[in-house]
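Take a look at the structure set out below.
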Amino acid sequence: MAEKKNKYSVLLPTYNEKDNLPLIVWLIVKYFTESKYDFEIIVIDDGSPDGTLEVAKQLEKIYGKDKVVLRPREKKLGLGTAYIHGMKHATGNFIVIMDADLSHHPKFIPEFIKKQKEGDYDVVSGTRYSGDGGVYGWDIKRKVVSRTANYITQILLRPGASDVTGSFRLYKKEILEKLINACVSKGYVFQMEMIVRATQFGCRIGEVPISFVDRVYGTSKLGGSEIFYFLKGLLYLFATT
Ligand code: GDD
Ligand code: MN
Numbered sequence: 001m002a003e004k005k006n007k008y009s010v011l012l013p014t015y016n017e018k019d020n021l022p023l024i025v026w027l028i029v030k031y032f033t034e035s036k037y038d039f040e041i042i043v044i045d046d047g048s049p050d051g052t053l054e055v056a057k058q059l060e061k062i063y064g065k066d067k068v069v070l071r072p073r074e075k076k077l078g079l080g081t082a083y084i085h086g087m088k089h090a091t092g093n094f095i096v097i098m099d100a101d102l103s104h105h106p107k108f109i110p111e112f113i114k115k116q117k118e119g120d121y122d123v124v125s126g127t128r129y130s131g132d133g134g135v136y137g138w139d140i141k142r143k144v145v146s147r148t149a150n151y152i153t154q155i156l157l158r159p160g161a162s163d164v165t166g167s168f169r170l171y172k173k174e175i176l177e178k179l180i181n182a183c184v185s186k187g188y189v190f191q192m193e194m195i196v197r198a199t200q201f202g203c204r205i206g207e208v209p210i211s212f213v214d215r216v217y218g219t220s221k222l223g224g225s226e227i228f229y230f231l232k233g234l235l236y237l238f239a240t241t
């Protein structure tokens, strides 16, 4: 089912992902090529000390500048602003946001696209907390933190999505721009704010169950301070929306 007019820009934020990047890019290319959708991959590396950018340059050579687009920044400026930076350079009319550490499997991208078409959704959100979705490989502490964050967000803000902290999503570009302009948060809490704003703006949100598998290479950049910022963001949204 080839569609000429649609183009999907995949935003891949990276910080110390040199071991994961070749495989994730290979898989993204594979699934887009198989499903015949037009795409580009935008890598936003934040000056990773492990040499992720050097690896990305090799991939740019292999797949071509039109498929692997490098938009690095000098230093680690956070996940939220990395998406904003990447989106500015996106040429697609749809944007896919995902992690680069293989926790989000590119095999779900064609499912997101199919879902989007089914209901002309503004946002398709991958969910670990509905249907066949799930989390694999996390310790109990991380599971509790994620579940609790989702649970209290559901109670306080009633978002129209079952996974508010997940970051595997497909957006119409103009909707993403609108949401980003409305968002105040910069770190990991950004994901939650985006979906809450989407509900607030009356966006049509579709969901696709995904399995999130904990990374094999490298480490998570989510620290205790992010939990604090999440709660702060949650209370801010509760007070203002
Ligand atoms: N450019 C850039 N700058 N990339 C970053 C930064 C940053 O400051 N911080 C993290 N990343 C990249 C990582 O390299 C990875 O590709 C992705 O963002 C996710 O980072 P992880 O450190 O792997 O996050 P996680 O696995 O702990 O958290 C995941 O689950 C959370 C909720 O359960 C992510 O999907 C989060 O977005 C999500 O909120
Ligand atoms: Mn991760």
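Residues in the sequence shown are numbered consecutively from 1, following full-length UniProt numbering.
Here a beta-carbon is modelled for each residue, glycine too, at the ideal position from N, C-alpha and C.
Computed from a predicted structure; not experimentally measured.
{"Asked": "Three-pair Cβ contact test at 8 angstroms for the stretch 148–157 versus the stretch 99–116", "Found": "no"}
{"Asked": "Alpha-carbon spacing of F212 relative to G223, whole angstroms", "Found": "19 angstroms"}
{"Asked": "Spatial distance of residue 265 from T199 (CA atoms)", "Found": "This structure does not reach residue 265, given that the chain is present from 1 up to 241, and the question cannot be answered."}
{"Asked": "Option nearest I210 by Cα separation, candidates L77, T241 and P110", "Found": "P110"}
{"Asked": "In DSSP terms, what K7 is bridged to", "Found": "D38"}
{"Asked": "Exercise answer, beta-carbon shell around ligand 2 heavy atoms below 6 angstroms", "Found": "D99, D101, S103, R215 and S220"}
{"Asked": "Residue range of the beta strand (DSSP E) that includes Y83", "Found": "First-last for Y83: L79 to K88, but that is the alpha helix (DSSP H), not the beta strand (DSSP E)."}
{"Asked": "I28 and I41 closer than 8 angstroms at C-beta", "Found": "yes"}
{"Asked": "Proximity test, Cβ basis, 8 angstroms: D214 and chain B", "Found": "Here there is only one protein chain, and chain B is not present."}
{"Asked": "According to DSSP, residues forming a beta bridge with residue 244", "Found": "Examination of residue 244 is not possible in this model, given that the chain is present from 1 through 241 alone."}
{"Asked": "Cα-Cα separation, F168 to A100", "Found": "10 angstroms"}
{"Asked": "DSSP three-state assignment for R169, whether helix, strand or coil", "Found": "strand"}
{"Asked": "N-terminal and C-terminal residue of the beta strand (DSSP E) that Y136 is part of", "Found": "G134 to Y136"}
{"Asked": "Contact under 8 angstroms by Cβ, Y8 with F94", "Found": "yes"}
{"Asked": "Supposed contact pair L11 and G86 - C-beta distance, whole angstroms, cut 8 angstroms", "Found": "4 angstroms"}
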